[in-house]
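>
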Amino acid sequence: MPELPRILHIATGGTIAMAKGPDGSMAPFQSASDLVAAVPEVQDIADVHMETLPEIDSSNIFPEYWLQIARVIANRYHEFDGFVITHGTDTMAYTASALAFMLQELDKPVVLTGSQIALGVIGSDGRRNMVNAFRVATSDCAEVVIVFGSAVLRGVRARKISAFAMEAFESINENPIGEIGISMRISRRALRRAGRRLLFTPTLDPSVALVAAYPGLDPALLRHVVETHHGVIILGFGTGNIPTEGARGLRDVVRQATTAGVPVVVGTQCVLGSTNMGLYRVGKDVLEAGAIPSVDMTPEATLAKLMWVLGQTRELERVSSMMLKSYVGEIAPCYEIMDR
Ligand code: ASP
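The working numbering numbers the first residue of the sequence shown as 140 and each following residue consecutively.
#1: Run through DSSP, which three-state label would E309 get?
#2: Any heavy atom of the ligand ATP inside 7 Å of the beta-carbon of Q182?
#3: On a CA-only basis, which of L147, T378, M446 and G375 is nearest V249? Give me that one, please.
#4: Within the continuous beta strand (DSSP E) that includes E318, where are the two ends?
#5: Under 8 Å between the Cβ atoms of A111 and Q169?
#6: What I want to know is whether the C-beta of D264 ends up closer than 7 Å to one or more non-hydrogen atoms of the ligand ASP.
#7: Under 8 Å by Cβ, that's how I've got N380 and Y419 pegged, so tell me the actual separation to the nearest angstrom.
#8: Mind checking whether the beta-carbon of S198 lies closer than 7 Å to any heavy atom of the ligand ASP?
#9: Quick one: is K464 buried, meaning 16 or more other Cβ sit within 10 Å of its Cβ, or exposed?
#10: Quick check: the Cα distance between D183 and L411, rounded to an integer number of angstroms?
#11: Where are the alpha helix (DSSP H) runs, 4 residues long or more, that stay fully inside the stretch 281-307, in chain order?
#12: Does I208 pass the burial test, meaning 16 or more other C-beta atoms within 10 Å, or should it be called exposed?
#13: Should T407 and G375 be called a contact, given that it needs their Cβ atoms to be closer than 8 Å?
#14: Name, in chain order, the residues that DSSP records as bridge partners for A150.
#15: Less than 8 Å between the C-beta atoms of V350 and I373, yes or no?
#16: Do G334 and the ligand ASP come close, with the Cβ less than 7 Å from some heavy atom?
#17: I'd like to check one pair, E194 with A158: are the Cβ atoms closer than 8 Å?
#18: Considering only DSSP beta bridges, list what R145 is partnered with.
#19: What three-state label does DSSP hand G385 in the structure shown?
#20: Taking the alpha helix (DSSP H) that V448 belongs to, which residues open and close that run?
#21: Taking only three categories from DSSP, how would you classify R479?
#22: When you compare the CB positions of G153 and T228, do they come within less than 8 Å of one another, or not?
#23: By a C-beta neighbour count over all protein chains shown, 10 Å radius and 16 as the cutoff for buried, is R324 buried or exposed?
#24: List the whole-angstrom C-beta distance separating A396 from V425, where the pair is believed to meet the contact cut-off of C-beta under 8 Å.
#25: Do you know offhand how far R479's Cα is from E142's?
#26: Report all residues from its chain with a CB closer than 7 Å to the CB of T452; omit the five preceding and five following residues, and keep chain order.
#27: Considering only the alpha carbon of each residue, which of G388, L258 and H226 lies closest to A176?
#28: Where does L426 sit, in a helix, a strand or coil, going by DSSP?
#29: Just mark R387 as buried or exposed, buried being the case when its beta carbon has 16 or more other beta carbons within 10 Å.
#30: Hey, L251 and L337 are a contact pair by Cβ (cut 8 Å); roughly how many whole angstroms apart?
#31: Could you tell me whether the Cβ atoms of P435 and S460 are closer together than 8 Å?
#32: From the DSSP output, in three-state form, read off M269 for me.
Next comes the structure, spelled out in structure tokens:
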């Protein structure tokens with residue numbers, strides 16, 4: 140019998156590993172070996188090795204924890220053919236984005252999965268998601284991906300869009316890179332290419348704030364955020380518009396921030412589409428005040444990327460050109476040119 144691919148399963152908690160406690164609320168308790176014991180068929184797909192990190196609800200994940208996962212993968216990269224990370228769904232897209240920036244030039248799959256219903260509960264999607272994650276982890280896919288329901292999604296393009304459905308994630312501004320059913324289809328753009336060598340850049344500056352613009356936002360709040368962080372992301376309206384008029388406008392705060400060397404990235408609250416900050420006066424004013432457009436990146440990818448960029452440089456010009464460059468497919472090529 141041919142040898143099975145060697146896969147490292149890293150368990151981090153999440154609903155997939157949860158059970159109800161005495162007060163009726165859910166908390167994680169199952170280790171990687173408990174999960175593999177509950178879904179033993181993964182051992183027919185792969186030679187499974189296991190590592191359990193502190194098991195948490197993914198709402199409790201901080202950037203330091205992303206670094207912990209990334210280090211496990213980088214340190215053990217050559218021992219395995221692929222990696223499966225079981226993780227809570229709530230912040231899975233943030234973790235996937237952070238890993239994608241830190242672990243570039245992959246020549247093997249790094250797959251995140253989880254479930255909407257705990258593995259031990261009737262109707263759980265955990266078994267199917269885990270099996271599918273191992274199927275993708277033993278494929279020629281060479282990216283950080285989320286496998287969930289029938290979708291295989293590029294990590295930096297994924298968003299949790301449903302707190303109800305089993306197909307909880309969607310690919311934003313890009314077709315999913317794959318689909319998994321009776322068989323598996325993975326787009327050529329995500330497959331292993333010759334000559335790749337892991338580029339591990341574990342640099343994260345967690346001093347980044349993500350705030351939404353809203354009618355009535357007090358500029359003093361934004362000023363405080365700017366004064367206390369190394370970088371700020373504002374999710375604007377539509378194509379990247381934020382209030383600019385009069386005393387309640389935010390343009391001066393953006394200008395003060397950029398003059399002080401604090402990058403302000405402006406994105407959109409819309410689920411789909413891109414910033415186009417030259418389109419309206421309100422966007423253009425902020426662009427002229429020094430804002431960096433987030434183009435068509437998801438908020439999750441924008442946050443992880445700004446932390447990763449600021450971990451390498453705080454020089455504003457360089458931050459701006461790195462934010463507008465697509466490293467792992469987080470910006471579509473047409474937008475890379477348009478918003479510069
Ligand atoms: N609160 C859970 C978590 O993100 C939700 C889930 O896993 O589905 O850890």
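Even glycine gets a Cβ: it sits at the ideal position worked out from N, Cα and C.
Reading off the structure:
#1: Sequence index remark: in the sequence shown, residue 309 carries index 170 (1-based). In the three-state DSSP reduction, E309 falls in the strand class (E or B).
#2: Of the ligands one can find in the structure shown, namely the ligand ASP, none is the ligand ATP.
#3: Position 110 of the sequence shown, counting from 1, holds the residue named residue 249. Per the Cα distances, L147.
#4: Counting from one through the sequence shown, the residue named residue 318 turns up at place 179. Run containing E318: G317 to I319, per the beta strand (DSSP E) assignment.
#5: The shown model of the chain, from 140 to 479, leaves out residue 111, and the question about it has no answer.
#6: On the sequence shown, residue 264 is found 125 positions in, with the first residue counted as 1. No, since every heavy atom of the ligand ASP falls outside the 7 Å radius drawn around the Cβ of D264.
#7: Indexing the sequence shown from 1 puts residue 380 at position 241. Indexing the sequence shown from 1 puts residue 419 at position 280. The C-beta separation of N380 from Y419 comes to about 5 Å, placing the pair in contact by the 8 Å criterion.
#8: The residue labelled residue 198 in the question sits at position 59 within the sequence shown. Yes, Cβ of S198 sits closer than 7 Å to a heavy atom of the ligand ASP.
#9: Residue 464 sits at position 325 when you count from the first residue of the sequence shown. Classification for K464: exposed.
#10: In the sequence shown, the residue the question calls residue 183 occupies position 44. In the sequence shown, the residue the question calls residue 411 occupies position 272. Their backbone Cα atoms lie some 39 Å apart in a straight line.
#11: none
#12: For the purposes of this step, residue 208 is taken as the residue at position 69 of the sequence shown. Label assigned to I208: buried.
#13: For the purposes of this step, residue 407 is identified with residue 268 of the sequence shown, where counting begins at 1. For the purposes of this step, residue 375 is identified with residue 236 of the sequence shown, where counting begins at 1. Going by C-beta atoms, T407 is nearer than 8 Å to G375.
#14: If you number the sequence shown from 1, residue 150 lands on position 11. In the DSSP output, where bridge partners are listed per residue, A150 has T191 and T225.
#15: Indexing the sequence shown from 1 puts residue 350 at position 211. Indexing the sequence shown from 1 puts residue 373 at position 234. The answer is yes: Cβ separation under 8 Å.
#16: Here residue 334 refers to the residue found at position 195 when the sequence shown is read from its first residue. No, since every heavy atom of the ligand ASP falls outside the 7 Å radius drawn around the Cβ of G334.
#17: To locate residue 158, count along the sequence shown from 1; it is residue 19. To locate residue 194, count along the sequence shown from 1; it is residue 55. No, they are not a contact pair.
#18: Start at 1 with the first residue of the sequence shown, and residue 145 comes out as number 6. The partner list for R145 (beta bridge, DSSP) reads D186.
#19: Residue mapping note: residue 385 aligns to position 246 of the sequence shown, counting from 1. G385: helix per DSSP, three-state reduction.
#20: Within the sequence shown, numbered from 1, the residue matching residue 448 stands at position 309. From DSSP, the alpha helix (DSSP H) with V448 extends over P438 to L449.
#21: By one-based count along the sequence shown, residue 479 stands at place 340. Because the pLDDT at R479 is just 49, under 50, the model does not fix this residue reliably, and the point stays unresolved.
#22: Numbered from its first residue, the sequence shown carries residue 153 at position 14. Numbered from its first residue, the sequence shown carries residue 228 at position 89. Yes, they are a contact pair.
#23: Translated into the one-based positions of the sequence shown, residue 324 becomes position 185. Exposed, because fewer than 16 other Cβ atoms sit within 10 Å of the Cβ of R324.
#24: Indexing the sequence shown from 1 puts residue 396 at position 257. Indexing the sequence shown from 1 puts residue 425 at position 286. Going by Cβ atoms, the distance from A396 to V425 rounds to 11 Å, so no, they are not a contact pair.
#25: As a working mapping, residue 479 is identified with position 340 in the sequence shown. As a working mapping, residue 142 is identified with position 3 in the sequence shown. Note that R479 scores 49 on pLDDT, short of 50, meaning its location in the model is unreliable; the coordinates nonetheless yield the value given after this. Rounded to the nearest angstrom, the two C-alpha atoms are 49 Å apart.
#26: The residue labelled residue 452 in the question sits at position 313 within the sequence shown. These residues qualify, in order along the chain: V458.
#27: Numbered from its first residue, the sequence shown carries residue 176 at position 37. Answer by Cα proximity: L258.
#28: Working through the sequence shown from its first residue, we reach residue 426 at position 287. Three-state result, L426: helix.
#29: What you label residue 387 is simply residue 248 of the sequence shown in a count that begins at 1. By the 10 Å Cβ count, R387 comes out exposed.
#30: Within the sequence shown, the letter at position 112 stands for residue 251. Within the sequence shown, the letter at position 198 stands for residue 337. Rounded, the Cβ-Cβ distance is 18 Å, inconsistent with contact.
#31: In the sequence shown, the residue the question calls residue 435 occupies position 296. In the sequence shown, the residue the question calls residue 460 occupies position 321. The amino acid at residue 435 is misidentified as Pro; the sequence shows Asp. It is not a contact, given that the beta carbons lie outside the stated cut-off.
#32: Numbered from its first residue, the sequence shown carries residue 269 at position 130. Reduced to three states, the DSSP call for M269 is helix.
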